[in-house]
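Student: Residue numbers (our numbering): 4 to 262. A virtual CB, placed ideally from N, CA and C, is assigned to each residue, including glycine. Given the structure is predicted, the values throughout are model-derived calculations rather than measurements.
1) So for residue 57, helix, strand or coil by DSSP?
2) For the alpha helix (DSSP H) containing residue 187, name the first residue and the last one.
3) Which whole-angstrom value is the C-beta distance of residue 168 and residue 57, which I expect to be below 8 Å?
4) Report the rounded CA-to-CA distance for residue 233 versus residue 249, giving the unit in angstroms.
5) State the Cα-Cα distance for the pair residue 208 and residue 140, rounded to the nearest angstrom.
6) Who are the near neighbours of residue 67 in its chain, counting only those whose CB is closer than 6 Å to its CB and skipping five residues on each side?
7) Which one of 130, 166, 253, 137 has the shortest CA to CA distance from residue 51?
8) Could you give the distance in angstroms between the alpha-carbon of residue 123 and the alpha-carbon of residue 252?
9) Thinking C-alpha only, which one of 199, 85, 73, 82 is nearest residue 12?
10) Closer than 7 Å by C-beta to residue 6: which residues in its own chain qualify, once you throw out the five before and the five after it? Chain order, please.
11) Select from 25, 44, 128, 152 the residue whose C-alpha is nearest the C-alpha of residue 225.
12) Below 8 Å on the Cβ atoms is my guess for residue 20 versus residue 96; work out the distance and round it to an integer in Å.
13) If you reduce the DSSP assignment to three classes, tell me which class residue 6 lands in.
14) Could you give the distance in angstroms between the alpha-carbon of residue 134 and the alpha-carbon of residue 55?
15) Give the list of continuous alpha helix (DSSP H) stretches no shorter than 4 residues that lie fully inside the region 103 to 137.
16) Whose C-beta lies closer than 8 Å to the C-beta of residue 171 among residues of the same chain, with five residues either side of it excluded?
17) So is residue 177 buried or exposed if we call it buried at 16+ other beta carbons inside 10 Å?
18) For the putative contact between residue 174 and residue 246, defined by C-beta atoms under 8 Å, what is the C-beta separation to the nearest angstrom?
19) Can you tell me where the beta strand (DSSP E) with residue 79 in it begins and where it stops?
20) Taking the C-alpha atoms as reference points, what is the distance between residue 87 and residue 46?
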């Protein structure tokens, strides 16, 4: 991709929000960020692909990205954009609206590809929802992140996170105050790791099965990055959220390493 005409710059409101996010996370938990985003990619074009385990994830990733000098534009559910105040802030910050379940959902991919082409870093959740795997491992992904990578030609960096589910429960705002109070006392550790760019060589956009293969590689990379973040919780999470349903219909089986 030609990066000579990088034009998008994160607005002041978004840079301020990142500082606030760091303060919020620091008040509720201990944030540990590992891995690096190469300096040449920090201002884009770049796709960040993260696992999704809690409603608190966007705040955590906003803080973690700030720690690595990255200001991503987040692909977020349309409900946030419809909220009276938050919606205006999301639009001003340059985030990308995703109207799931509507005919307009396809526009989000076009908007994201245009954003990356303009020199942005775009953050996506390939699972398309907060994962419901009983072990809280990444689910089988939707192909949107892979198609975005194909469309814009930008590298994809996997981002794994663990611990945000101990702060904000799945059914928030139900149980939110209880979760925050518990976090203030226990101060759980939240870990975020930025992995190496996903190897998508050998896959050609438009060929049968390419988007699915690319998606599996992305989810595999996120899974690999997540393993060291939860070394004493290899099967099931230690913290169990009773309001979180379980769904095995989209379980992802880790593929063996490519030779």
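Tutor: In short, the structure shows the following:
1) On the chain shown, position 54 is the one that residue 57 refers to. DSSP places residue 57 in coil when its eight states are reduced to three.
2) Locating residue 187 in the chain shown gives position 184, where the first residue counts as 1. From DSSP, the alpha helix (DSSP H) with residue 187 extends over 179 to 189.
3) Indexing the chain shown from 1 puts residue 168 at position 165. Indexing the chain shown from 1 puts residue 57 at position 54. Contact holds; Cβ gap of about 4 Å.
4) Sequence index remark: in the chain shown, residue 233 carries index 230 (1-based). Sequence index remark: in the chain shown, residue 249 carries index 246 (1-based). Using only the alpha carbons, I get a separation of about 19 Å.
5) As a working mapping, residue 208 is identified with position 205 in the chain shown. As a working mapping, residue 140 is identified with position 137 in the chain shown. Distance between the alpha carbons of residue 208 and residue 140: 27 Å.
6) Residue mapping note: residue 67 aligns to position 64 of the chain shown, counting from 1. Result list for residue 67: 36, 195, in chain order.
7) The residue labelled residue 51 in the question sits at position 48 within the chain shown. Of the listed residues, the one whose Cα sits closest to residue 51 is 130.
8) The residue labelled residue 123 in the question sits at position 120 within the chain shown. The residue labelled residue 252 in the question sits at position 249 within the chain shown. Those two C-alpha atoms are separated by around 34 Å.
9) Here residue 12 is taken as the residue at index 9 of the chain shown, counted from 1. The shortest Cα separation from residue 12 among 199, 85, 73, 82 belongs to 73.
10) Working through the chain shown from its first residue, we reach residue 6 at position 3. Low confidence applies here, because residue 6 scores a pLDDT of 44, under 50, leaving its location unreliable; read the following figure in that light. These residues qualify, in order along the chain: 48, 122.
11) Here residue 225 refers to the residue found at position 222 of the chain shown. Cα-wise, what sits closest to residue 225 is 128.
12) Here the question's residue 20 lines up with position 17 in the chain shown. Here the question's residue 96 lines up with position 93 in the chain shown. With a contact defined as Cβ atoms closer than 8 Å, residue 20 and residue 96 qualify at about 6 Å.
13) The sequence position of residue 6 within the chain shown is 3, counting from 1. Since pLDDT at residue 6 reaches only 44, below the 50 mark, its modelled position is unreliable, and the value read off the structure follows with that caveat. Residue 6: coil per DSSP, three-state reduction.
14) Here residue 134 refers to the residue found at position 131 when the chain shown is read from its first residue. Here residue 55 refers to the residue found at position 52 when the chain shown is read from its first residue. Distance between the alpha carbons of residue 134 and residue 55 is about 6 Å.
15) With a minimum length of 4 residues, the continuous alpha helix (DSSP H) runs that stay inside the region 103 to 137 are 108 to 120.
16) For the purposes of this step, residue 171 is taken as the residue at position 168 of the chain shown. Excluding sequence neighbours, residue 171 sits near 57, 58, 59, 179, 182, 183.
17) Sequence index remark: in the chain shown, residue 177 carries index 174 (1-based). Burial call: exposed.
18) Locating residue 174 in the chain shown gives position 171, where the first residue counts as 1. Locating residue 246 in the chain shown gives position 243, where the first residue counts as 1. Indeed they touch by this definition, with Cβ atoms about 4 Å apart.
19) Taking the first residue of the chain shown as 1, we reach residue 79 at position 76. Counting along the chain, the beta strand (DSSP E) containing residue 79 begins and ends at 76 to 80.
20) Taking the chain shown and counting its residues from 1, the one referred to as residue 87 is at position 84. Taking the chain shown and counting its residues from 1, the one referred to as residue 46 is at position 43. Computed Cα separation, rounded: 30 Å.
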